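Enquirer:
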Ligand code: UDP
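Residue numbers (UniProt numbering): 3 to 345.
(1) For residue 20, does the three-state DSSP call read helix, strand or coil?
(2) Counting only the same chain and skipping the five closest in sequence on each side, list residues whose C-beta sits under 7 angstroms from that of residue 86.
(3) So which of 293, 218, 115 has the shortest CA-CA distance to residue 103?
(4) Considering only the beta carbon of each residue, do residue 307 and residue 121 sit closer than 8 angstroms?
(5) Quick check: the Cα distance between residue 130 and residue 224, rounded to an integer number of angstroms?
(6) Suppose you measure from the CA of residue 210 to the CA of residue 198; what does that come to, to the nearest Å?
(7) For residue 205, verify whether its CB is less than 7 angstroms away from any heavy atom of the ligand UDP.
(8) What does the alpha-carbon distance come out to for the pair residue 66 and residue 207?
(9) Once DSSP output is grouped into helix, strand and coil, what is the label at residue 35?
(10) Is the distance from the Cβ of residue 95 to the Cβ of residue 106 below 8 angstroms?
(11) So does the segment 45 to 61 actually touch the segment 7 to 14, counting three or more Cβ pairs closer than 8 angstroms?
(12) Would you report the Cα separation of residue 173 and residue 226, rounded to the nearest angstrom?
(13) Report back the beta-carbon spacing between residue 219 and residue 251 to the nearest angstrom; my notes put them in contact at under 8 angstroms.
(14) Need the endpoints of the alpha helix (DSSP H) that residue 263 sits in, please.
(15) Thinking C-alpha only, which one of 267, 26, 160, 298 is nearest residue 313?
(16) According to DSSP, is residue 291 helix, strand or coil?
(17) Examine the ligand UDP and report whether any of its heavy atoms sits within less than 7 angstroms of the Cβ of residue 323.
(18) Let me check you understand the geometry: is the CB of residue 243 closer than 7 angstroms to at least one non-hydrogen atom of the ligand UDP?
(19) In whole angstroms, what is the alpha-carbon distance linking residue 74 and residue 288?
(20) Let me confirm a value: residue 171 is counted as buried when at least 16 other C-beta atoms fall within 10 Å, else exposed. Which label applies?
(21) Should residue 123 be listed as close to the ligand UDP, given that the test is whether its C-beta is under 7 angstroms from any heavy atom?
(22) Quick one: using the 10 Å Cβ neighbour count with 16 as the cut-off for buried, is residue 185 buried or exposed?
(23) For a minimum of 4 consecutive residues, which ranges assigned as the alpha helix (DSSP H) are wholly contained in the segment 24 to 90?
(24) Look up residue 119 in the DSSP assignment and give the residues it is bridged to.
(25) Who are the Cβ neighbours of residue 126 in its own chain at under 7 angstroms, not counting the five residues just before and after it?
(26) Would a C-beta distance cut-off of 8 angstroms place residue 357 and residue 309 closer than the cut-off?
(27) What is the rounded straight-line gap between the Cα of residue 72 and the Cα of residue 165?
(28) Given that a residue counts as buried once 16 or more other Cβ atoms are within 10 Å of its Cβ, and exposed if not, what is residue 158?
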């Protein structure tokens, strides 16, 4: 019998990849998702309960039915730009929804919670790499909503005897190396999928927001971490809490910054397609460089990114855009090409 874990937002990008891994590790991922941004087809490793995290009664029913031992709380809205124009939605879902999830945990005796946080909680970093002791001064409603979620979890944990793992993702990307899952945000605003869309002709060109930054090649530098690595960090965090480990708040990144131009080069080289580029002005709120000090996750969880080199990221993500690289990366031990794509 597989041990049940409630996965809010389990139909989303990072949530679905984590469910696949949890199932392989012997858990039953029970997905709780309103399918607002998630995809029903991404739920394939356990039951799907369609519900909103703000609906306390529906949450209670799901918990009563499945009796999960922990909650992995991914469900959230996650577009920085949209959070500026729709802050009410962001606070209602990301803060109000998180309180509802925590209350459902507390009143049902669930004392382990894993929370999706973000490097956006750091705002514009004062120094690089960004360690967990860096000041958290978010500059968007999205970043503030995630920081509020963190603070509420820490208060609940202190008062109600809960243990938590707060995971601050840097730039999630890539896709399931077996081709069963991918990145399918609607609308898609993230850099790597949009570069692949440009290479496949789905959009006329990739717009690059600024090439006059104080970086080596003038484009922004970010810490791109493969979604399969992120999924593995969640599994490690869950096992850590199950083994009686202490609460923790850690960065999930590679520690290595990659520029936009390096990504354009990798996509062109791996897909053998031209990548049409249109240079545009800077996007407000973008720091020039942002990458993690990943050492605390290694110390506390034994976690290190292993499949986050740019070639592996592009090779696994490309098939979703009709771009098949010659073979899958060796890092995953895969020998066959992608046969099945769920979208
Ligand atoms: N970016 C870009 N064109 C796009 C999307 C993103 O130039 O169509 C840039 C963006 O300005 C940032 C980097 O790519 O410097 C990563 O952006 P993304 O939105 O993927 O993630 P973020 O770092 O904002 O979380």
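Glycine included, each C-beta is placed from N, C-alpha and C at the ideal position. Predicted model, so just to flag it, every value in this text is computed and none were measured.
Expert: In this structure, then:
(1) Per DSSP, reduced to three states, the secondary structure at residue 20 is helical.
(2) 142, 143
(3) 115
(4) Their beta carbons are not under 8 angstroms apart, which means residue 307 does not touch residue 121 by this criterion.
(5) 11 angstroms
(6) 13 angstroms
(7) no
(8) 49 angstroms
(9) strand
(10) Against a cut-off of 8 angstroms, the Cβ pair of residue 106 and residue 95 comes out as no contact.
(11) Yes: at least three Cβ pairs fall under 8 angstroms.
(12) 5 angstroms
(13) No, residue 219 and residue 251 are not in contact; Cβ-Cβ is about 33 angstroms, not under 8 angstroms.
(14) 262 to 273
(15) 267
(16) strand
(17) no
(18) no
(19) 29 angstroms
(20) Buried is the call here.
(21) no
(22) Its Cβ being crowded by 16 or more others within 10 Å, residue 185 is buried.
(23) 58 to 68, 82 to 87
(24) Beta-bridge partners of residue 119 (DSSP): 170.
(25) 141, 289
(26) Residue 357 lies beyond the stretch modelled for the chain, which goes from 3 to 345, so this question has no answer here.
(27) Distance between the alpha carbons of residue 72 and residue 165 is about 10 angstroms.
(28) buried
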